[in-house]
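So the sequence shown is residues 1 to 521, counted in UniProt numbering. Step one of this worksheet: look at the structure below.
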Amino acid sequence: MFVYIPGKGCQSLPAGHCGFVSRDTESGIVYVSQQLPTRPELCEMLRQGCVRSLSCEVYEEHVGPVFFGDEQHGYVLTHTFYIRDGLARGLRRLYSLLMLMADRTFLVSCWPFLLARLRCLIVELQTRANVVFEAEQAEVRQRALRMNSAFVPGAARSLPLLTQHHDLWAAMHTSFTWLLKACASRLTERCLEGAPTEDTIVEMEKQLEREEEARLRAHSLADDGEHAADGNKFETTTTGDSTETLTSLSEGHEQLLPSCPLPGEGSWGPSEGGFQSLRQMRQVLGPAWFRVVAWHVLLGNQVIWRGEKESLIRSAFVLLETLLPSGCVRTIPYSKMYQDAYRCNFLGIESHVSLPPHITASELYVLVDIRTRRTAEACCTGVGTERDSAPWDNRDTRSRNERTLLWRCCDFTVSCGCPGVSEHGPTVLNKLEAALENESLSTAVVERCLVCLKEEWMNKVKVLFKFTKVEQRSHEDTQRLLSLLGAQDDANVRLLKFWVTGLSKAYRSHLLAASRAMANS
């Protein structure tokens, strides 16, 4: 709603006039110009805006735009200007056009647009008033007339009389209506979520790669179909048996294609019988061994889960993958044989698969064995509560680095080749454990904390990558940089070096292109 309030010396509407109304059929907004607003609180805000724009916000020889206001009284954009009047003191009168709005950000954003349109309107008014003023001066000098009418009521003339535009208020209503509509349609409010994260960019790149592979696969199938059709035509000229045989092969060609996704492809979520959160996994494995598993995950070592429950293993990988940037994740969720670490850092294998000797002799892996109980009585002993699952089962005495836990009809045995890995973990792991230990934080809050932690350390990874790979700084400079980043200890350095592999291709190519451009300049 637009309300226009002139001063007493320039009464805009005669008594009994209801004002001007314009209806926007597209948006349903009604624009109203009246002598007085219908809302008392709006009347007070407009009164204060008018008084300030014509008094304390103005000084001698200063005209132009001014912005003022607060949350209580609203925000005002005003533009003061002079209109020449032969009967006025100083031969001119001060006027002001103002915009009142409760949204400060929107009003400031519209400043250039509003200022340009208001100035056009002011120039038109001043041009008309100058023509009238010059005509009056040419007809009779106004000095004596001013002296005679100084104390005569009604000496102050309205703006339509000064411009000789009798439909001025209707024209201004039209101009202001267009201005408000254009201003509202020009800018719209949107919720900005900030720049895309590295995980988002990496996922977009993976999606493009999958689409390209699907396109090439479809193109290859089309070529094979054309060759098969050509073969059918050729065999038709020879024998009927050959035609029937090749036709059946062509029709069954689709059945020879793998219908299941490749290892590591596809998506899945925690199943009904799987892990539901990292906090639950920590309770099941125990704080100490969960720290071991998370330590290997964060530093890029191979994490192997072995057992018969494929859904349980998949749910564990879904949660553990959230500890890493998307570009660092290479998963084969369930395989019938061992896969090398260069192919995947998350590997699920069947219970009968054994690890190669060079893996068991290495310190760069962690193995979680899942053994399913066969009897109902055994299943009843592990109900998955914090009381039953958190303590270690000390019956397992095979190794100092192995403990067995009971949960949901399963025995969990965690083993690794490096027993002291959890003593000095990276900062990300320490903060994650603090969040998981805080029972007042919900699962959703912990997930948000983890996202923030990953973004914080991915920013450090970007700085390190640019510093070492692009700018080729010395080892001493790199150590000073790591100290400034708070990542000078060995675990944090290893984490940063591994997380460099999670940088998107777009970011790498951008840095390298910028480096080459600087070198050539």
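All C-beta atoms in this analysis are idealised placements derived from N, C-alpha and C, irrespective of residue type, glycine included.
Comparing alpha carbon positions, the residue from Ala341, Arg210, Thr372, Tyr31 closest to Leu179 is Tyr31. Between the segment 455-464 and the segment 476-492, the count of Cβ pairs shorter than 8 Å is three or higher; the stretches touch. Where Met45 is concerned, the enclosing alpha helix (DSSP H) starts and stops at 40-54. One alpha carbon belongs to Thr105, the other to Phe317, and they sit about 45 Å apart.
Note on Met172: 16 or more other CB atoms within 10 angstroms of its CB, so buried under the neighbour-count rule. For Gly417 against Ser354, the beta-carbon gap comes to about 15 Å, at or over 8 Å, which does not count as contact. Closest by C-alpha distance to Leu77, out of Ala341, Ser109, Cys43, is Ser109. Take the alpha-carbon of Tyr342 and the one of Tyr334: they are about 16 Å apart. Following the DSSP letters along the chain, one finds Arg473 in no alpha helix (DSSP H), marked with neither H nor E.
Fewer than three beta-carbon pairs drawn from the segment 23-30 and the segment 43-58 are found closer than 8 Å, and the two stretches are therefore not classed as touching. Nearest C-alpha to Leu453 among Ser53, Thr38, Leu323: Leu323. Per DSSP, Pro426 lies in no beta strand (DSSP E) and is assigned neither H nor E.
Look at Gln126 here: in three-state DSSP terms it is helix. With a contact defined as Cβ atoms closer than 8 Å, Val428 and Leu278 miss out at about 13 Å.
With contact defined as three or more Cβ pairs closer than 8 Å, the segment 117-133 and the segment 197-214 are not in contact.
With distances taken between CA atoms, Arg306 lies nearest to Glu350 out of His475, Met281, Val329, Glu350.
Under the 8 Å Cβ criterion, the segment 87-101 counts as touching the segment 63-78, having at least three qualifying pairs. When Leu114, Val63, His219, Thr501 are compared, the shortest CA-CA separation from Arg186 is found for Leu114. The alpha carbon of Phe275 has as its nearest neighbour, out of Leu319, Trp295, Trp289, Phe290, the alpha carbon of Leu319.
The beta-carbon separation of Gly86 and Gln137, rounded to 6 Å, stays under the 8 Å limit for a contact.
A Cβ-Cβ contact shorter than 8 Å links Thr501 with Cys328. Bridge partners of Leu347 according to DSSP: Ile304, Ile332. The distance from the Cβ of Val284 to that of Val414 is about 10 Å, inconsistent with a contact at the 8 Å cut-off. Straight-line spacing of the CA atoms in Ser55 and Val445 works out to 53 Å.
In terms of Cα proximity to His424, the closest of Met204, Leu436, Val493, Arg119 is Val493. Contact annotation: Ala170 and Phe20 have beta-carbon atoms nearer than 8 Å. Phe275 sits in coil when the DSSP states are folded into three classes, being neither helix nor strand. Counting along the chain, the unbroken beta strand (DSSP E) around Phe81 starts and ends at 74-84. Just measuring C-alpha positions, the residue of Tyr365, Glu308, Gln472 sitting nearest Trp295 is Tyr365. In the structure shown, Thr197 adopts coil according to DSSP, grouped into three states.
Distance check between Thr80 and each of Arg93, Met337, Gly64 places Gly64 closest, using alpha-carbon atoms only. Where Cys410 is concerned, the enclosing beta strand (DSSP E) starts and stops at 410-416. Rounded to the nearest whole angstrom, the C-alpha separation of Glu139 and Ser158 is 20 Å. Note on Gly69: 16 or more other CB atoms within 10 angstroms of its CB, so buried under the neighbour-count rule. By DSSP's assignment, Tyr95 forms a beta bridge with Phe81. At a Cβ-Cβ threshold of 8 Å, Glu308 and Phe346 do not count as neighbours.
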